[in-house]
Amino acid sequence: KVLILGVGAIGSYLSTNLVLSGVGTMVLVDFDTIEESNLNRQLLFQTGDIGKNKAVIAKERLGILNPDTEILAFPGAMEKLPSKLIKDCTVIACCLDTFVGRRWANSLSLREKVPMVSGGMYAFLGDVQTILPYSTACFECQPLISQEKLSQACSPLGEKRKEFEEKKP
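Just so we're on the same page, this note's numbering is the position in the sequence shown counted from 1, plus 21.
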């Protein structure tokens, strides 16, 4: 059971490869909606999907590729993810585009004692890290990025997330 946080550029490719490889269960988590600017780098989405939730559409498309994989979509903020969806996860795939989100995923990995593979970009730098809770260095332990930069969003999604939070009932 793989928990995928973020179904954008990295998450759409990862989830496609996992479903084609026959993974048993995937939980797709993404509060964001598809925009035209996503279509050139996010494998699972098409023009007719603009405005729809990424996790929901990804679940539909991935289910076509392998109907034997159980795919669960959570189209909300990852911080609101019910514990029943995290239960029994073998690995967390952190495919997020903000440092705040990556730090939260790191905390989830440590709290639940579930290994995490984190992949992301910062400007022109790419980073991939495997975190084995309490065995290897975690996201917070890495001095790759200053605390000043860590406290800032690494994409304009920070503003969009604020709008999402304000619209919730």
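The beta carbon of each residue, even a glycine, is placed where N, CA and C say it ideally should be.
Residue ranges of uninterrupted alpha helix (DSSP H) with 4 or more members, entirely inside the segment 86-133 and ordered along the chain, are 104-107 and 120-133. For Ile71 against Glu81, the beta-carbon gap comes to about 15 Å, at or over 8 Å, which does not count as contact. The beta-carbon distance between Gly45 and Cys116, rounded to whole angstroms, is 19 Å. This is too long to meet the 8 Å contact definition.
The C-beta distance from Ser36 to Ala79 rounds to 6 Å, short enough to fall under 8 Å. The residue from Lys75, Phe52, Leu49 and Val50 with its alpha-carbon nearest to that of Asn59 is Lys75.
Of the other Cβ atoms in all chains shown, fewer than 16 fall within 10 Å of the Cβ of Val149; this residue is therefore exposed. Closest option to Val40, judged by alpha-carbon separation, among Tyr155, Leu83, Leu131 and Ser139: Leu83. If you ignore the 5 residues before and after Pro154, its C-beta comes within less than 6 Å of the C-beta of Ser130, Leu131 and Lys134, all in its own chain and listed in chain order.
Nearest to Val121 by C-alpha distance, out of Asp53, Val112, Glu100 and Met137, is Glu100. Annotation: Asp89 to Gly43 spans about 8 Å, alpha carbon to alpha carbon. Taking 8 Å as the upper bound for CB-CB distance, Gln67 and Ser33 are not in contact here, some 12 Å apart. DSSP places Ile152 within a strand segment (E or B) once states are collapsed to three.
Take the alpha-carbon of Arg124 and the one of Pro136: they are about 14 Å apart. Going by beta carbons, Cys110 and Leu24 fall inside the 8 Å limit. Annotated as distal: Met47 and Ile85, with beta-carbon spacing of 8 Å or more. Assignment of Gly140 by DSSP, reduced to helix, strand and coil, places it in the strand class.
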